[in-house]
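Asker: Attaching a single structure in structure tokens format; questions to follow.
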Amino acid sequence: MRTLRFGRMDIAKGNLILVNPLHPFRGDMSKDCLVSVRPNTTHILLERQAAKMLAEVTAFLGCEHQIVPVSGYRTMREQQTIYADSLHEHGEDFTRKYVAIPGCSEHQTGLAIDLAENKDDIDFIRPDFPYTGIWGRFREFSIQYGFTERYPAGREQITHIAHEPWHFRYVGYPHSQMMKERALTLEEYTDYLKQYPYRGAHLRFKRNKRDFEIFYVPVQRDHETIIEISDGVPYQVSGNNEDGIVVTLWRDR
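When you read off a place in the sequence shown, starting at 1, and then add 1387, the result is the number in the working numbering.
Printed below as a string of structure tokens:
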């Protein structure tokens, strides 16, 4: 058996961290973990794996010229500037709908990307990203590469952000697939996984010739949490930025 150990700081790390006004980003993005999303947009950065998957789905669809990156990783200072500028230009109501409070923005994680239809006039805050054509195909196929449309219509009371068709969040596969099939936001998915604790029935399913197993591990803030998994089984772990860890195992069929 393989032993995994988790502490309080691990809760704020990983692809599944929930970041919103109720769950501020408590991690720290190292510059070593960030890369440019494209050679010609070196100022737009993403976490390394997220950038790799974005490049792969873009290449698969051949949409480099139709879809362009608008905004990726942001520092706290950059988010503060964007928020202040939006307040000044658009007012409080607009800003609360479309710009996350500094410290509570997914862009600070390096896991979120705003994309746009490539045209002459692109709005930085609300870029156009249609549901038809190549943009709709990207929305469909990006799920297989670990991305989810983070702020869907009708879920504003849950996400605390208005509908944003252009904003995509990397959560990794198979979580992106599970969220799509169950029509769950990241807030809802975080709660959903708590139905499958380490010491209980795990979430098991088959996709893309793999058997997946997912479970939730509550982490105590005052001492180390220890679990065991089978030797030789590939796995990933991620905090939820709330109260625990999500462990994902898979086996090729």
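All C-beta atoms in this analysis are idealised placements derived from N, C-alpha and C, irrespective of residue type, glycine included. What you are looking at is a predicted structure, and each value in this text was computed from that prediction instead of being measured.
Where does glutamine 1623 fall in DSSP's three states?
Answerer: If DSSP states are grouped into helix, strand and coil, glutamine 1623 belongs with the strands.
Asker: Under the three-state reduction of DSSP, which class applies to phenylalanine 1599: helix, strand or coil?
Answerer: Looking at phenylalanine 1599 - three-state DSSP - the assignment turns out to be strand.
Asker: Threonine 1390 to aspartate 1618, Cα distance in whole Å?
Answerer: Each residue's Cα considered, the two are about 9 Å apart.
Asker: Just the C-alpha distance for threonine 1572 and phenylalanine 1393, rounded to the nearest angstrom, thanks.
Answerer: Looking at the two C-alpha atoms, the distance is approximately 26 Å.
Asker: Which class does histidine 1430 belong to by DSSP, given the choice of helix, strand or coil?
Answerer: Coil at histidine 1430, not helix or strand.
Asker: With DSSP as the reference, please indicate the residues paired to leucine 1580 in a beta bridge.
Answerer: Answer by DSSP bridge pairing: none, since leucine 1580 is not bridged.
Asker: Which whole runs of the alpha helix (DSSP H) in the region 1451-1494 are 4 residues long or more, in chain order?
Answerer: If we require 4 residues or more, the alpha helix (DSSP H) runs fully inside the region 1451-1494 come out as 1463-1477 and 1479-1485.
Asker: Can you give me the Cβ contacts of valine 1444 inside the same chain, cut-off strictly under 8 Å, excluding the 5 residues immediately before and after it?
Answerer: Result list for valine 1444: Phe1525, Phe1528, Ser1529, Gln1531, Tyr1532 and Phe1534, in chain order.
Asker: Taking only beta-carbon positions, decide if valine 1604 is within less than 9 Å of chain D.
Answerer: The question asks about chain D, but that chain is absent: this structure has only one protein chain.
Asker: Taking only three categories from DSSP, how would you classify histidine 1550?
Answerer: Reduced to three states, the DSSP call for histidine 1550 is coil.
Asker: Helix, strand or coil: which one does DSSP assign to isoleucine 1404?
Answerer: Three-state result, isoleucine 1404: coil.
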